[in-house]
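Engineer: Heads up, the sequence shown is in the numbering used here, so the first residue is 10 and it goes up one at a time. Idealized CB from N, CA, C, for every residue including glycine. Small disclaimer: the values here were computed from a predicted structure and weren't measured.
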Amino acid sequence: MNEKIPNVRTRFAPSPTGFVHIGNFRTALFSHLWAKHNNGTSILRIEDTDQNRKVEGSIEYLLRVMKQMGIEFDEGYYLKNDGSMAERGQLGPYMQSKRLGLYTKYAAELIEKGSAYYCYCSEQRLDDLRKEQTALKKPPMYDRHCYNMSSEEKEKMAAEFKTAGKNPVVRFLIPEGQTTIHDLIYGDITYEHKTLDDQVILKSDGFPTYHLAVVVDDHFMEITHVIRGDEWIPSTPKHLLIYKALGWEPTQFAHLPLILNPDKSKLSKRQGDVAVEDYLDKGYLPEALVNFVAFLGWNPKTEKEIFSLQELIADFELTNVNRAGAVLDINKLEWVNSSYIRTKSAKELVDLLIPYWEKFGVEIKKFKQDYLEAVTELEKERLKKLSEIGERTGYYFKQPEYETSLLTWKKSTPEDAKVKLTELSELLSGLDESKFTKADLEIAIKEFIAQKNYDNGSVLWPLRAALTGQEKSPGPFEVCATLALGLGKQEIINRLGIAIQKLT
Ligand code: GLU
C-alpha cells in the first residue's frame, strides 16, 4: 500500500453547459477518490467564464446528479436538504464569474512583467489570418501583430479603443524554449513553445478565458493535484507557463485516458448515450454506476470487481490508472448493476421499482406491499436494470396476452395441453386457498403428475405459460403461489380457464 500524501486538495471544475457526461462524472469521481484516499479535500468549482455556453439551471442539475451518485465535495457548491444551492469552504467564491477581479489583477500583473500584451486585432483580421494560414496548411496561430507594433502605434490603438469605450483583449506571450509536463499518468510530455499560440487570457468583456482562470483558481484554492480528461493535455504547457510567469508553484497533473466505445471509436458526446442522468433513469443504481465508472481507466490490479465508494477510496491509486483508452461496455455495467440489485432487500427494491411500474402503467396503489415484495423477490435475481421490471412482471398486475401456441410444450400437442390444463384447473379448484403456497402447491401438483404418470413438462409448461404468458419466467409453483398471494386463488382458476378457452 502506497504512503498517504499530506494535504491533498483536488478539484472537479465543470462548466455548467447542460447534462453531466459520463466522462465528466469520471473526472469528478477520480478527483474525489484521490483526495479522500489521502484524507485530503475535494472541491467543486464552477467554471462559468464562457457565459455564452451557460445553460440555465445546469448547476443545480449537476449538483443533484452528484448528490444522487453519493459524491459529496468538501468545498464549493452543494445542495442543501431543501434543494437550494449553497457554498462552503474558506477559499471561495467557488464560481468563476464571482472572481473576475482576481483575473484582471493577474492579467495586469502579467502585462507588467512583460509576459502578456494587449491585442487590438479585429475579428475580421483574425479570421483572415486564420484563412490565410489554413490555405498554406499552417496551424492557425496569432502572428503577434499587436505585440510587434511600435510604442506609438500601441498608444494610438489604446486611445482609439478608449474613445470607442472598448477594451482590448490580453494575450499571453509564449516565451522561447520548451516545456515538459510531468504527468502522473502519462509520464513526461515535452512541448516546443513554437507550437503554442499566444492565447487570449482576458477577453474584452473583462472575463478571463479558461487558461488564466484555471491557473489563478487552482493556485488560490491551493490545489495539489489537477485530475482531468486527456483532452486537456495540450493546454497544460500553457498553464505551466502562466504559473512560471506569475512565480507560482504549479500543481501536479494527472490526465485520464479517453473513454471509448466497444469498437474503440471515441465515445459520443450525444446526450442519450452518455448522460449520467439517462443511465440513472434507465434504472442503473448509483452505487453500480460509481463502481462501473471507477473501472473506466482504473483497476485495482486484483480480481475484485465489486467496490463500494468507501472501498474505492481505500484502494484508489493514481499509479493504477492506465493510459490506454477505457472501453465503456454496457454488458459489464449490466453485470455490475445486477450484482448490486441482488444485494438489496425486496423492501428496498420495491421503493426503487415503483416509479418504473407506474411508468409501465401498473396502478401500484391497488397492490399490497407484501405482494410487491414477493414479486420483487422472485425477479431480482434476473433483473439487470430497474427499467426491465414492467416487461418482466406485467402479468402479476394484469392478465397476460400471449399466442395460443405458447401453451403447448415442445414434446406435446395443443389437445394434450388442454387436457392437462383442464385437470389442473379441477385439482386447484378443489384445493383450499391456504394451500396456495409454493411448498404445498408443489406437493399437490407433483402428486397429481405421479398418479397420472404424466411427464413433468407436459403439465408444468402449460401451467406456467397460462399464468405468465411468457416464454421464460420463474417456476410455476412460485409464480402460482405469488399470484395467489396478491390476486387470490380465483385469479389462477380464471387464467387456466382463459388458456383452455384459447385451446378450444
Ligand atoms: N471547465 C473545464 C471543463 O469543463 C475543466 C477543465 C479542467 O479540469 O481544467 O471540463
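Got a sec, what are the start and stop residues for the alpha helix (DSSP H) residue 180 sits in?
Structural biologist: Here residue 180 refers to the residue found at position 171 of the sequence shown. Segment 178-181 is the beta strand (DSSP E) holding residue 180; no alpha helix (DSSP H) there.
Engineer: Use the C-beta contact count for residue 84: other C-beta atoms within 10 angstroms, 16 or more gives buried, fewer gives exposed.
Structural biologist: The residue you call residue 84 lines up with position 75 of the sequence shown. Classification for residue 84: buried.
Engineer: Let's test the definition: count the other Cβ atoms within 10 Å of the Cβ of residue 210 and tell me whether it reaches 16, buried, or not, exposed.
Structural biologist: Reading the sequence shown from its first residue, position 201 is the one you call residue 210. Residue 210 comes out buried.
Engineer: By how many angstroms is the C-alpha of residue 284 removed from the C-alpha of residue 473?
Structural biologist: For the purposes of this step, residue 473 is taken as the residue at position 464 of the sequence shown. For the purposes of this step, residue 284 is taken as the residue at position 275 of the sequence shown. Rounded to whole angstroms, residue 473 to residue 284 spans 39 Å at the Cα level.
Engineer: Report all residues from its chain with a CB closer than 6 Å to the CB of residue 132; omit the five preceding and five following residues, and keep chain order.
Structural biologist: On the sequence shown, residue 132 is found 123 positions in, with the first residue counted as 1. The answer is none, since no qualifying residue turns up.
Engineer: Identify whether residue 294 lies in helix, strand or coil by the three-state DSSP scheme.
Structural biologist: For this step, residue 294 is matched to residue 285 along the sequence shown. Coil at residue 294, not helix or strand.
Engineer: Evaluate the contact criterion for the region 61-80 versus the region 184-198: three or more CB pairs, one atom per stretch, below 8 Å.
Structural biologist: no
Engineer: Considering only heavy atoms of ligand 1, does any lie closer than 6 Å to the CB of residue 367?
Structural biologist: Taking the sequence shown and counting its residues from 1, one reaches residue 367 at position 358. False, no ligand heavy atom lies under 6 Å from that Cβ.
Engineer: Assuming residue 238 and residue 50 make a contact with CB atoms under 8 Å, what is their CB distance in whole Å?
Structural biologist: Translated into the one-based positions of the sequence shown, residue 238 becomes position 229. Translated into the one-based positions of the sequence shown, residue 50 becomes position 41. About 21 Å separates the CB atoms of residue 238 and residue 50; that is not less than 8 Å, and the two are not in contact.
Engineer: Curious, which full-length alpha helix (DSSP H) runs of at least 4 residues does the region 433-498 contain?
Structural biologist: 447-461, 465-477, 485-496
Engineer: Is residue 240 near ligand 1 - that is, is its Cβ less than 6 Å away from at least one heavy atom of it?
Structural biologist: Translated into positions along the sequence shown, residue 240 becomes position 231. Not under cutoff, so the answer is no.
Engineer: Using 8 Å as the cut-off, can you tell me whether the region 490-506 makes contact with the region 436-455, which would need three or more C-beta pairs spanning the two stretches below that distance?
Structural biologist: yes
Engineer: Measuring CA to CA, which of 78, 71, 351 is closest to residue 93?
Structural biologist: In the sequence shown, counting from the first residue as 1, residue 93 sits at position 84. The option with the nearest alpha carbon to residue 93 is 71.
Engineer: When you measure from the CB of residue 35 to every non-hydrogen atom of ligand 2, does any distance come out below 6 Å?
Structural biologist: As presented, the structure is devoid of ligand 2, carrying ligand 1 as its sole ligands.
Engineer: Tell me whether residue 24, by its Cβ, gets closer than 6 Å to a heavy atom of ligand 1.
Structural biologist: Within the sequence shown, residue 24 is the residue found at index 15, counting from 1. The closest heavy atom of ligand 1 lies less than 6 Å from the beta carbon of residue 24.
Engineer: If you reduce the DSSP assignment to three classes, tell me which class residue 225 lands in.
Structural biologist: Position 216 of the sequence shown, counted from the first residue, corresponds to residue 225. Helix.
Engineer: State the DSSP-derived secondary structure class of residue 406, mapped to helix, strand or coil.
Structural biologist: Numbered from its first residue, the sequence shown carries residue 406 at position 397. Of the three classes helix, strand and coil, the one that applies to residue 406 here is coil, per DSSP.
Engineer: Please report the distance separating the alpha-carbon of residue 168 from that of residue 127.
Structural biologist: Numbered from its first residue, the sequence shown carries residue 168 at position 159. Numbered from its first residue, the sequence shown carries residue 127 at position 118. Computed Cα separation, rounded: 13 Å.
Engineer: Does at least one heavy atom of ligand 1 sit under 6 Å from the Cβ of residue 237?
Structural biologist: Here residue 237 refers to the residue found at position 228 of the sequence shown. Within the cutoff, so yes.
Engineer: Report yes if the C-beta distance between residue 426 and residue 413 is below 7 Å; otherwise report no.
Structural biologist: For the purposes of this step, residue 426 is identified with residue 417 of the sequence shown, where counting begins at 1. For the purposes of this step, residue 413 is identified with residue 404 of the sequence shown, where counting begins at 1. Their beta carbons are not under 7 Å apart, which means residue 426 does not touch residue 413 by this criterion.
Engineer: Smallest Cα separation from residue 298: which of 429, 230, 345, 306?
Structural biologist: Start at 1 with the first residue of the sequence shown, and residue 298 comes out as number 289. When only C-alpha atoms are compared, the closest one is 345.
Engineer: For residue 242, collect the residues of the same chain with a Cβ closer than 6 Å to its Cβ; drop the 5 residues on either side in sequence, then sort them by chain order.
Structural biologist: Walking along the sequence shown from the start, residue 242 turns up at place 233. Taken in chain order, the residues that qualify are 264.
Engineer: Could you please give me the residues that DSSP links to residue 21 through a beta bridge?
Structural biologist: Locating residue 21 in the sequence shown gives position 12, where the first residue counts as 1. Note: residue 21 sits in a beta bridge opposite 53.
Engineer: Under three-state DSSP, which class holds residue 94?
Structural biologist: Counted from its first residue, the sequence shown places residue 94 at position 85. Looking at residue 94 - three-state DSSP - the assignment turns out to be strand.
Engineer: Tell me where the beta strand (DSSP E) around residue 236 begins and ends.
Structural biologist: Looking up residue 236 in the sequence shown gives position 227. Residues 234-238.
Engineer: In this structure, how does DSSP classify residue 215 when only helix, strand and coil are distinguished?
Structural biologist: Here residue 215 refers to the residue found at position 206 when the sequence shown is read from its first residue. Here residue 215 carries a coil assignment [DSSP, helix/strand/coil].
Engineer: Using the Cα positions of residue 363 and residue 373, report the straight-line distance between them to the nearest angstrom.
Structural biologist: As a working note, residue 363 is residue 354 in the sequence shown. As a working note, residue 373 is residue 364 in the sequence shown. So the alpha carbons of these two residues sit roughly 7 Å apart.
Engineer: Could you check which residue in 205, 466, 255 has the C-alpha nearest to that of residue 115?
Structural biologist: Along the sequence shown, read from residue 1 onward, the residue named residue 115 stands at position 106. Among 205, 466, 255, the Cα nearest to that of residue 115 is on 255.
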